[in-house]
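This report concerns only the one structure given below.
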Amino acid sequence: MPADLEPSIAPADCPKATEKAEVKGYFESTGFERWKRIYSDSDEVNNVQRNIRLGHQKTVDEVLHWVEEQGDLAGRSFCDAGCGVGSLAIPLAAMGAGSVEASDLSEAMVSEAERRAREAGIPAERLRFGASDLESLQGRFDTVICLDVFIHYPQPAAEEMVRHLAGLAEHHLIVSFAPYTPLLAILKSIGQLFPGPSRTTRAYTLREEGIVATAASCGFRPVRRSLNQAPFYFSRLIAFERG
Ligand SMILES: C[S@@+](CC[C@H](N)C(=O)[O-])C[C@H]1O[C@@H](n2cnc3c(N)ncnc32)[C@H](O)[C@@H]1O
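Residue 36 is where the sequence shown starts when you use our numbering, and the numbers rise one by one after that.
Set out below in C-alpha cells:
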C-alpha cells in the first residue's frame with residue numbers, strides 16, 4: 036500500500052473528477068519521482084520508502100507465484116490495470132505470459148514502465164503499454180490484475196471498479212488494497228500509519244467484505260488470499276476465479 040500518502044481534503048468537499056485529477060497530477064510529478072525510486076533498486080530512499088518497497092515486492096512475488104500455479108501462461112492474456120512503472124507487468128511478460136496489456140493514469144509512469152520493459156528486452160508485441168484510467172479500460176482478458184491502486188478509491192468507487200474489472204476478466208481477477216481494520220483506523224487517525232514529508236493525495240482503506248461481495252455479484256469467488264506487510268505497508272491480496 037502506498038503508505039506515505041495521507042488525506043489532505045475532506046471527502047465531502049472533493050468531487051470524484053477533482054480527486055482523480057489530483058492523483059494524476061501527483062503521479063506525473065512528485066509522486067512519479069518518489070514511486071519510481073521506491074519501485075527500483077535505488078539507494079535514494081528513506082526507511083519508510085524502503086519498507087514500502089519490501090512490502091510491495093512481497094505482493095508482486097505472490098501474484099507471480101499464484102499466476103504461475105494457475106498454469107498455461109503462454110496461452111493467457113493479462114491486463115495490468117494501474118501498472119505503475121511495470122513492477123508486475125515486466126516480470127509477468129518475462130515469465131512467458133501470452134500477452135500483457137499494461138496501463139496507468141500517469142503518462143510519466145507508463146513511459147518509465149515502457150523504458151524498463153525495453154531495457155529488459157521484452158518485445159513490444161508481448162507487453163503493450165497505454166496511458167488510461169481504470170474507468171476507460173476495455174477489452175476481454177483471461178486475467179485482470181490491479182495492485183495497490185484502490186488506495187485512491189473510497190469504498191463505493193472501489194466496488195464499482197471491481198465490477199468494471201470483473202467485466203473485463205474471463206477467468207481470473209486479482210486485486211490488492213489496504214484493508215480497513217479498527218487498528219489501522221486508529222493508527223491512521225493518529226498519523227502513525229501514513230507518515231512522510233509529502234502528503235499529497237488521500238489514502239483510503241477498504242472493507243474486504245464489500246470487495247468480496249461485489250466480486251461475488253459478478254460471478255467471481257475468492258480462491259486465494261494473503262496479507263502482505265512490512266512496516267508502513269499493509270496490502271490485502273485476493274485472487275478470484277469465475278464460477
Ligand atoms: C502505488 S502505485 C501501484 C502501481 C502498480 N500497480 C504496482 O503495484 O507496482 C499506484 C498507481 O495507480 C495509478 N492510478 C491511480 N489512480 C488511477 C486510475 N484511476 N486509473 C489508472 N491508474 C491509476 C497511479 O498513477 C500509480 O501509478
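Heads up, the beta-carbon is just placed ideally off N, CA and C, and yes, glycines get one too.
Counted within 10 angstroms of its Cβ, other Cβ atoms place residue i as buried (16 or more) or exposed
{"i": "Q173", "result": "exposed"}
{"i": "A137", "result": "buried"}
{"i": "N263", "result": "buried"}
{"i": "H91", "result": "buried"}
{"i": "A128", "result": "buried"}
{"i": "L228", "result": "In this prediction, L228 has a pLDDT of 49, which is less than 50 and means its spatial position is unreliable; what the coordinates show is noted afterwards. By the neighbour-count rule (16 or more Cβ atoms within 10 Å), L228 is buried."}
{"i": "R256", "result": "exposed"}
Residue of the options minimising C-alpha distance to residue i
{"i": "R163", "options": "L99, G121 and T216", "result": "G121"}
{"i": "C181", "options": "G156, G131, D115 and I246", "result": "D115"}
{"i": "F269", "options": "D76, R88, A159 and G254", "result": "R88"}
{"i": "R175", "options": "S112, A166, I186 and M144", "result": "S112"}
{"i": "I73", "options": "D107, G119 and R153", "result": "G119"}
{"i": "T178", "options": "H199, I157, G156 and H207", "result": "H207"}
{"i": "Q109", "options": "E103, T53 and G133", "result": "In the sequence on display, residue 109 carries Ala and not Gln. Considering only alpha carbons, the answer is G133."}
{"i": "G131", "options": "A148, L203 and D107", "result": "D107"}
{"i": "E57", "options": "V98, H187, R151 and L203", "result": "H187"}
{"i": "L203", "options": "E170, K59, F267 and T216", "result": "E170"}
C-beta contact flag for residue i and residue j at 8 Å
{"i": "K51", "j": "D168", "result": "no"}
{"i": "P214", "j": "R259", "result": "no"}
{"i": "Q190", "j": "L140", "result": "no"}
{"i": "E142", "j": "A159", "result": "no"}
{"i": "I125", "j": "V210", "result": "no"}
{"i": "G254", "j": "R277", "result": "yes"}
{"i": "R161", "j": "V135", "result": "yes"}
Residue i: CB within 7 Å of a non-hydrogen atom of ligand 2
{"i": "D183", "result": "Looking at this structure, you won't find ligand 2 anywhere; what it does contain is ligand 1."}
Sequence ranges, alpha helix (DSSP H) only - wholly within the segment 138-218, length at least 4
Counting whole runs of 4 or more residues, the segment 138-218 contains the alpha helix (DSSP H) stretches 142-154 and 190-203.
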